[in-house]
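Protein chains in written order, with our numbering: chain A, 1 to 187; chain L, 188 to 374.
Read the structure below first, then the notes.
Protein chains: 2
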Amino acid sequence: MRDKGHASRGRIVEAATDLFYRRGYHTTSFADVAQASGIPKGNFYYYFKSKDDLLVAVIAERLEQIAGDLGRWNAEIPEPRARLVQFAETLQRNAEAISHWGCPAGSLNGELSKTQPDHRLRARRMLDVYREWSEGQIRALGRDDAHELAVHLLCMLQGASLLGGIYGDFTLITAETRQIRAWIDRL
Amino acid sequence: MRDKGHASRGRIVEAATDLFYRRGYHTTSFADVAQASGIPKGNFYYYFKSKDDLLVAVIAERLEQIAGDLGRWNAEIPEPRARLVQFAETLQRNAEAISHWGCPAGSLNGELSKTQPDHRLRARRMLDVYREWSEGQIRALGRDDAHELAVHLLCMLQGASLLGGIYGDFTLITAETRQIRAWIDRL
DNA sequence: GTCTATATGTAGATAGAC
DNA sequence: GTCTATCTACATATAGAC
Chain A
1 MRDKGHASRG
11 RIVEAATDLF
21 YRRGYHTTSF
31 ADVAQASGIP
41 KGNFYYYFKS
51 KDDLLVAVIA
61 ERLEQIAGDL
71 GRWNAEIPEP
81 RARLVQFAET
91 LQRNAEAISH
101 WGCPAGSLNG
111 ELSKTQPDHR
121 LRARRMLDVY
131 REWSEGQIRA
141 LGRDDAHELA
151 VHLLCMLQGA
161 SLLGGIYGDF
171 TLITAETRQI
181 RAWIDRL
Chain L
188 MRDKGHASRG
198 RIVEAATDLF
208 YRRGYHTTSF
218 ADVAQASGIP
228 KGNFYYYFKS
238 KDDLLVAVIA
248 ERLEQIAGDL
258 GRWNAEIPEP
268 RARLVQFAET
278 LQRNAEAISH
288 WGCPAGSLNG
298 ELSKTQPDHR
308 LRARRMLDVY
318 REWSEGQIRA
328 LGRDDAHELA
338 VHLLCMLQGA
348 SLLGGIYGDF
358 TLITAETRQI
368 RAWIDRL
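Structure, rendered in structure tokens:
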């Protein structure tokens, strides 16, 4: 049923995903999304009953992308430690974007947690998925404090993404990736 | 000259500082600040020529508070490592607020970096001050990679504050404080 | 399904009485 | 210095032609 027709809907979600990331949710207007997608804003309400509803679609799209990444890593990387390294190096692989706009999941959560309590749980799911997966890998290394360590890993990655975006600093991302990699090696 | 008269100005800045922290800059309106401070919004333009101008005053107030903290720690704590612990435990001391709204400096920077390029430098100063001070303490411990380590410390603290706020989780703050304290002990 | 025109609310900002 | 009334712009959202 999904992806049946509705090409316009897909283009709206794609443009909104990009703009909510680069400019933030509150500061992105339907007019902005309309211009970026080439679809008049009046049309939006045929696909989404509100801006909140568009946000739900954007988060759903991000969640699918995250699940796809994790599934691929599970399939292609046998060792738990190597999987964690792959996760941590997402920072380096996406350094260009992160050094401009931070982490898509982290920055959106930060924004929504202050103002959209009704979306907190939904947005948080993006971080939960990463945390649960990391916790599984760390537990496979024989650590019984896997939960606390997984949270710490996520904190380090989110902190690096936040400061990388704030400072617009590529080298900060590289240095942090090294620090976090060393932490994983010590696990 | 400062604090001469202008009691209203001080109340506006105080209310705005609080609201920009708890609700964010963009989602706080002058009407909100007016209600919180008890001063009609029309009056705001006698003291501030724009909302941006009010933001400048809020950041200046926060900077003074940060400088005051660091000065007090310098005066009261002789050992560099103990100073760093004092800094890290700010997380725990402010856990109640942080578990609701994150770090005042970090969340404001995260918000402004996406949308207010003209304020990036000014807001960043709050983080720079912490980083420079940390770097000095770490260098005093004999580490010549003090810059990179200070940035890493800031990343961990910011990541913990961000996730603490997102999850509204007091125990996360406590666990992260422990992790970061252990990191300082290993320096 | 797609688009234009428009309604409605609220934001930041101003004018001017007191 | 303080406050009320108001302007203007733009946000989300709707109505309805095609």
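Even for Gly, the Cβ is constructed at its ideal location relative to N, Cα and C.
Values in this document were obtained by computation on a predicted structure and should not be read as measured data.
With a threshold of 16 other beta carbon atoms within 10 Å, A/E132 falls short and is exposed. Here L/R196 is buried. Its C-beta has 16 or more other C-beta atoms within 10 Å. With fewer than 16 other Cβ atoms inside 10 Å of its own Cβ, A/K49 counts as exposed.
In chain order, S161, L162 and G165 place their CB closer than 6 angstroms to the CB of A/G102, counting only its own chain and leaving out the 5 sequence neighbours on each side. L/M313 and A/A88 have their C-alpha atoms roughly 27 angstroms apart. About 6 angstroms separates the beta carbons of A/Y25 and A/E111, which is inside the 8 angstroms limit, making them a contact pair. A/E89 is outside the set of residues whose beta carbon lies under 7 angstroms from a beta carbon in chain L. In chain L, no part has a C-beta under 9 angstroms from the C-beta of A/T177; the shortest such distance is about 11 angstroms. Closer than 7 angstroms at the C-beta level to chain L, one finds no residue of the stretch 30 to 64 of chain A.
Apart from the 5 residues on each side of it in sequence, A/A57 sits with its Cβ closer than 6 angstroms to the Cβ of V13 in its chain, given in chain order. Here L/E283 is exposed, its C-beta having fewer than 16 other C-beta atoms within 10 Å. Straight through space, the alpha carbons of A/A67 and L/E266 are spaced by roughly 47 angstroms. One finds nothing in chain L with a Cβ atom closer than 7 angstroms to the Cβ of A/Q137; even the nearest lies about 18 angstroms away. Under the three-state reduction of DSSP output, A/D169 falls in the coil class, being neither helix nor strand.
Secondary structure at L/Y212: coil, using DSSP grouped into helix, strand and coil. In chain order, N296 place their CB closer than 7 angstroms to the CB of L/R311, counting only its own chain and leaving out the 5 sequence neighbours on each side.
In this chain, the alpha helix (DSSP H) harbouring A/Q86 covers P80 to A88. Approximately 6 angstroms separates the beta-carbon atoms of L/H306 and L/L242; this is inside 8 angstroms, confirming the contact. L/A202 places its beta carbon less than 7 angstroms from that of L/S224. If one requires a minimum length of 4 residues, the alpha helix (DSSP H) runs lying completely within the stretch 112 to 161 of chain A are 117 to 140, in chain order. Contact check for A/F170 against A/S99 passes: the beta carbons are separated by less than 7 angstroms. Minimum Cα-Cα distance from A/R186 among the listed residues A/H147, A/L84, A/D128 and A/L172 corresponds to A/L84. In this structure, L/R309 sits near L/I246, with a CB-CB distance shorter than 7 angstroms.
Counting along the chain, A/F44 sits inside the alpha helix (DSSP H) bounded by residues F44 to Y47. Taking a beta-carbon distance threshold of 7 angstroms, L/N261 does not count as an interface residue toward chain A. At least 7 angstroms separates the CB of L/Q279 from every CB of chain A. Listed along chain L are G352 and I353, each with a C-beta nearer than 7 angstroms to that of A/S113. Closer than 7 angstroms to the CB of A/C103 there is not a single CB belonging to chain L. When the alpha-carbon of L/C342 is set against those of L/I226, L/E363, L/I264 and L/L328, the nearest one is in L/E363. Taking 7 angstroms as the cut-off, the Cβ atoms of L/H334 and L/E322 count as close. Listed along chain A is no residue with a C-beta nearer than 7 angstroms to that of L/M313; the closest approach is about 10 angstroms.
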